[in-house]
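Protein chains in written order, with the working numbering: chain H, 75 to 456; chain Z, 75 to 456. For each residue, glycine too, the CB sits at the ideal point set by N, CA and C. This one's a predicted model, so the numbers in the text were calculated from it and none came from an experiment. Here's the structure we're looking at; comments come further down.
2 protein chains.
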Amino acid sequence: MGDTVKRLAVLGSTGSIGQQTLDIVRAFPHKFRIVGLAAGRNTDLLARQVAEFKPGLVYHPSAAERGREALPPGEYKLLSLEEIARHPEVDVVVIATSGAVGLGATLAAVKAGKKVALSNKEPLVMAGEIITREAALNGAQLLPVDSEHSAIWQCLSGETQPAAQIILTASGGPFRHYSPAQLEEVTPEQALNHPSWRMGKKVTIDSATLMNKGLEVIEARWLFNVPFDDIKVLVHPQSIVHSMVEFADGSVKAQLSHPDMRIPIQYALSYPERLANPRLPRLDWSTITSLTFEPPDLGLFSCLRLAIEAGRSGGTFPAVLCASDEVAVELFLSRRIRFVDIAGLVERTLERHRSIVHPGLEEIMAADTWARERVKQLITKG
Amino acid sequence: MGDTVKRLAVLGSTGSIGQQTLDIVRAFPHKFRIVGLAAGRNTDLLARQVAEFKPGLVYHPSAAERGREALPPGEYKLLSLEEIARHPEVDVVVIATSGAVGLGATLAAVKAGKKVALSNKEPLVMAGEIITREAALNGAQLLPVDSEHSAIWQCLSGETQPAAQIILTASGGPFRHYSPAQLEEVTPEQALNHPSWRMGKKVTIDSATLMNKGLEVIEARWLFNVPFDDIKVLVHPQSIVHSMVEFADGSVKAQLSHPDMRIPIQYALSYPERLANPRLPRLDWSTITSLTFEPPDLGLFSCLRLAIEAGRSGGTFPAVLCASDEVAVELFLSRRIRFVDIAGLVERTLERHRSIVHPGLEEIMAADTWARERVKQLITKG
């Protein structure tokens, strides 16, 4: 049994996905062992996690600056995200970081041939071509953690042919039936109150603008090698059907569950096995009477349209999309712009970008930096 | 490519499933070849099928009695159903017969280690223990053709563990919301008018009484080795979700399609491949706005309850269930009993039956004969 314990590094361990990953590890101490932890801001929580799981490998930015006294004593090495991601003692790297910060670690893990449980969308969106190429070259395995991509992955299990069509479901967010005028008045508090999922702040705002769904379309294109024309978005407010796959013969498979991120997290960790976990909720068909579906409103939610266009255009456009959205969401959360201005800022940044075809990592990071600067210029110039 | 042509025998080729199987064969002449055909009553259609597909092996009861002049000339042998089912030139035996008649052929095919595409429910219901044991012993493969069992089979594809729960969906039939008084007035014409599926007469009546769903529960128990406690029936009037499987981790997979039997027939024939077939309909998500679910009314539709009870009791009870239902449905179609009397006759026959534990084939056939006689006695005695 000892040989089958999977050694995990969780990058972003204090965020929502990181904490839920540790919940799964707690439930199966004979299946999983935490050997690496990494977090950005929440030093207190990281310290408690280090005390509990006693990882040998730790990353924390302030610890690196202020020395070891910022963290509890222990037998661990302080390393960079990339060093943990490629460390020989790690079997599975859980990329639960937020925004562009996970890109370097994802690439390091993929180049080291690791199993990479990917919850952070931006690495694949920004550098999907590079990451999937390096994964194939180095025998790395990308294990989707997002509920939608986990659903697609589960539906493709055992199939001998690729998907004919992917149907990505979207809750539609809290403002699904708002008028344009109502959307102008949306506050950060309203936007952070997602109807079906508990998530981090950035992804919750992205869900409200439908930017999140657009990033997922681009992610699906790279994870499952399906052209954009064969990826459809369908609004499904109950968040029970997490996505669907249509096959060449017209048969469709769907994956359903209670909206609880621990289910796709656990599947990514336990794959190809499934583990009976009494802490995970089960669907109760005596209470589910109707599952509804409707097309997304691309006019009202232009972030979805912008993301799909950026994905189709390729090059460094997706990196600019991610970076400008990341800055715009921060500006909205700090009440410096309105909810509807997020899409406007992203669009104006994309319009001004000169993309590079088949960019390398440095060109992608340069586009990221350019876009962040550009959004700030747009704001200060008005 | 020549080596990969699958050689098919279609038993029950003039029935609904048989004709649709031939439609699939017509669409893929380089994938499938008809080497055997068998039909009961419809001699004219069988003659046309023989002229078109030129099978080497044919069964027809009247041809056997009246000699070859009853069928068009050709280079075929007249054989019994069992002889065709185990013939060395046959790779896949499609059991598209109706009622108990398919049992002998199914057993012959399984003992000969064939791939057996099974649409006829009664063989597995009557003799599931024998058929699954012989299939395992002889390396035969049971390929479900029923839309529900095909759905479950597709959902289990690639999974390393058995289902934790099977959710069999049911359209609910045309009388889903009828009152007991309304149900008493149902005519054969009304019962033959199924809301979503085009099928043969026997299975259409069984769908209206929900007996069909009960037979499917027993079938699922044998096909997927899942205990009765873990098989649930859920009414889904749109007939788009064809069934679902819940796994140990709370994740559920569903298979969906337009209600068209050619989709599961083609999957059984092409498995593990899927074939792009432009003649098959695809789901149109711009028209599907709601999928609804409700529990079945076991009080009103007592055939479902009777079937599950007979399945749990095992022995020769399921054979008595099938035989008494087959006779009762014929009596209803010939207007000798009312719709609601079908369940009553089945129940009274089951009550009087003395079951045998782990019966052999002869004991099963004896129970079948006993039940048919018993129903007729009940009718004549009133």
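Q: Output, in chain order, the set of chain Z residues within a Cβ distance shorter than 8 Å of D323/H.
A: Counted from its first residue, the first sequence places residue 323/H at position 249. The answer, in chain order, is I337, Q340, Y341, S344, R348, L349, A350, N351 and L354.
Q | G389/Z classed as buried or exposed, judged by whether at least 16 other C-beta atoms fall within 10 angstroms | A | As a first step, residue 389/Z must be located in the second sequence, where it is residue number 315. G389/Z comes out buried.
Q.
By alpha-carbon positions, which one of V166/H, V449/H, P248/H and L289/H ends up nearest to W271/H?
A. Numbered from 1 along the first sequence, position 197 holds the residue referred to as residue 271/H. Taking only the C-alpha atoms, the option nearest W271/H is P248/H.
Q) Closer than 8 Å, CB to CB, is T234/Z near chain H or not? A) The residue labelled residue 234/Z in the question sits at position 160 within the second sequence. Closer than 8 Å to some Cβ of chain H, the Cβ of T234/Z qualifies, so yes.
Q: Kindly indicate if chain Z contains any beta-carbon less than 8 Å away from that of I382/H.
A: Along the first sequence, read from residue 1 onward, the residue named residue 382/H stands at position 308. So no, I382/H is outside the interface.
Q) With burial defined as no fewer than 16 other Cβ atoms inside 10 Å of the residue's Cβ, what is the status of Q215/H: buried or exposed? A) Taking the first residue of the first sequence as 1, we reach residue 215/H at position 141. Burial call: exposed.
Q: Using beta-carbon positions only, say whether I169/Z and L343/Z come within less than 8 Å of one another.
A: Position 95 of the second sequence holds residue 169/Z. Position 269 of the second sequence holds residue 343/Z. Going by C-beta atoms, I169/Z is not nearer than 8 Å to L343/Z.
Q.
Can you determine whether any heavy atom of the ligand ADP sits closer than 7 Å to the C-beta of P248/Z, and answer yes or no?
A. Annotation note on the ligand ADP: not contained in the displayed structure, which lists no ligands.
Q. Applying the criterion that 16 or more other CB atoms from any shown protein chain within 10 Å of the CB defines a buried residue, is Q228/H buried or exposed?
A. Here residue 228/H refers to the residue found at position 154 when the first sequence is read from its first residue. When all chains shown are included, Q228/H counts as buried.
Q) Taking I226/H as the reference, which of T234/H, I240/H and E233/H has the closest Cα? A) Numbered from 1 along the first sequence, position 152 holds the residue referred to as residue 226/H. Selected option, being the one with the closest Cα: I240/H.
Q.
Please report the distance separating the alpha-carbon of L452/Z from that of A381/Z.
A. Locating residue 452/Z in the second sequence gives position 378, counting from the first residue. Locating residue 381/Z in the second sequence gives position 307, counting from the first residue. For L452/Z and A381/Z, the distance between alpha carbons rounds to 20 Å.
Q) Which chain Z residues sit within Cβ distance under 9 Å of L365/H? A) Working through the first sequence from its first residue, we reach residue 365/H at position 291. Result: V315, S364, L365, T366 and F367.
Q. Between which two residues does the beta strand (DSSP E) harbouring P218/H extend?
A. Taking the first sequence and counting its residues from 1, one reaches residue 218/H at position 144. Element bounds for P218/H: Q215 to P218.
Q: Could you say which of L192/H, E425/H, A186/H and K185/H lies nearest to G173/H if we only look at CA atoms?
A: Translated into the one-based positions of the first sequence, residue 173/H becomes position 99. For the residues L192/H, E425/H, A186/H and K185/H, the minimum Cα distance to G173/H belongs to L192/H.
Q. Name the chain B residues whose beta carbon is nearer than 8 Å to that of W227/H?
A. Although the question refers to chain B, the structure presented lacks it and instead comprises the protein chains H and Z.
Q) With DSSP run on the structure shown, which of helix, strand or coil describes R379/H? A) The residue you call residue 379/H lines up with position 305 of the first sequence. It is helical.
Q: Pick out the complete beta strand (DSSP E) segments inside the stretch 269-339 of chain H, 3 residues or longer, and give them in chain order.
A: 305-309, 315-320 and 326-330
**Q.** Of the listed residues I339/Z, D371/Z and S90/Z, nearest to F287/Z (C-alpha basis)
**A.** For the purposes of this step, residue 287/Z is taken as residue 213 along the second sequence, with counting starting at 1. Sequence inspection shows Lys at residue 287/Z; the Phe mentioned does not correspond to that position. Out of I339/Z, D371/Z and S90/Z, D371/Z has the C-alpha closest to the C-alpha of K287/Z.
Q: Buried or exposed for Q340/H, please, with buried defined as at least 16 other CB atoms from any protein chain shown within 10 angstroms of its CB.
A: Locating residue 340/H in the first sequence gives position 266, counting from the first residue. The residue is buried, with at least 16 neighbouring Cβ atoms inside 10 Å.
(Q) For chain H, check one thing: does any of its Cβ atoms lie closer than 8 Å to the Cβ of K287/Z? (A) The residue labelled residue 287/Z in the question sits at position 213 within the second sequence. Closer than 8 Å: no.
Q.
Our contact map puts F375/H next to H310/H with C-beta atoms below 8 Å; I'd like the distance itself, whole angstroms only.
A. Stepping through the first sequence from its first residue, residue 375/H is reached at position 301. Stepping through the first sequence from its first residue, residue 310/H is reached at position 236. About 15 Å separates the two Cβ atoms, so there is no contact after all.
Q) So with Cβ pairs under 8 Å, would you call F298/H a contact of chain Z? A) Along the first sequence, one-based indexing puts residue 298/H at 224. Not an interface residue.
Q | Straight-line gap, S331/Z to E163/H (C-alpha atoms, nearest Å) | A | Taking the second sequence and counting its residues from 1, one reaches residue 331/Z at position 257. Taking the first sequence and counting its residues from 1, one reaches residue 163/H at position 89. Distance between the alpha carbons of S331/Z and E163/H: 46 Å.
Q.
Buried or exposed, going by whether 16 or more other CB atoms sit within 10 Å of the CB of A255/H?
A. Within the first sequence, numbered from 1, the residue matching residue 255/H stands at position 181. It is exposed - the Cβ of A255/H has fewer than 16 other Cβ atoms within 10 Å.
**Q.** CB contact check: S331/Z to chain H, cutoff 8 Å
**A.** The sequence position of residue 331/Z within the second sequence is 257, counting from 1. So, interface residue.
Q. Taking buried to mean at least 16 other C-beta atoms within 10 Å of its own C-beta, is V199/Z buried or exposed?
A. Translated into positions along the second sequence, residue 199/Z becomes position 125. When all chains shown are included, V199/Z counts as buried.
(Q) Restricting to Cα atoms, I'd like to know which of Q312/H, N212/H, A393/H and M285/H is closest to S364/H. (A) Taking the first sequence and counting its residues from 1, one reaches residue 364/H at position 290. Selected option, being the one with the closest Cα: Q312/H.
**Q.** Reduced DSSP category for F106/Z - H, G, I as helix; E, B as strand; rest coil
**A.** As a working note, residue 106/Z is residue 32 in the second sequence. In the structure shown, F106/Z sits in a strand (DSSP, three-state: E or B).
Q. From what residue to what residue does the beta strand (DSSP E) around V166/H run?
A. Against the first sequence, residue 166/H aligns to sequence position 92. V166 to I169 is the extent of the beta strand (DSSP E) around V166/H.
(Q) Strictly below 8 Å CB to CB, what residues from chain H border L308/Z? (A) Position 234 of the second sequence holds residue 308/Z. Here the neighbours are W359.
(Q) Quick check on DSSP: helix, strand or coil for L131/Z? (A) Reading the second sequence from its first residue, position 57 is the one you call residue 131/Z. Correct three-state label for L131/Z: strand.
Q: Would you please verify whether the beta carbon of S245/H is less than 8 Å from any beta carbon of chain Z?
A: Taking the first residue of the first sequence as 1, we reach residue 245/H at position 171. Not one chain Z Cβ lies under 8 Å of S245/H.
(Q) Going by the DSSP bridge assignment, what does V190/H pair with across the sheet? (A) Position 116 of the first sequence holds residue 190/H. According to DSSP, which records beta bridges pairwise, V190/H is partnered with V167/H and L216/H.
Q.
Less than 8 Å between CB atoms is the rule here; does S231/H satisfy it with respect to chain Z?
A. Stepping through the first sequence from its first residue, residue 231/H is reached at position 157. So, interface residue.
Q. Taking the DSSP output, what are the residues bridged to R81/Z?
A. The residue given as residue 81/Z occupies position 7 in the second sequence. For R81/Z, which the question treats as bridged, DSSP gives the partners R107/Z.
Q | Contacts of I241/H in chain Z (Cβ-Cβ under 8 Å) | A | By one-based count along the first sequence, residue 241/H stands at place 167. Going along chain Z in sequence order, the residues near I241/H (Cβ under 8 Å) are W359.
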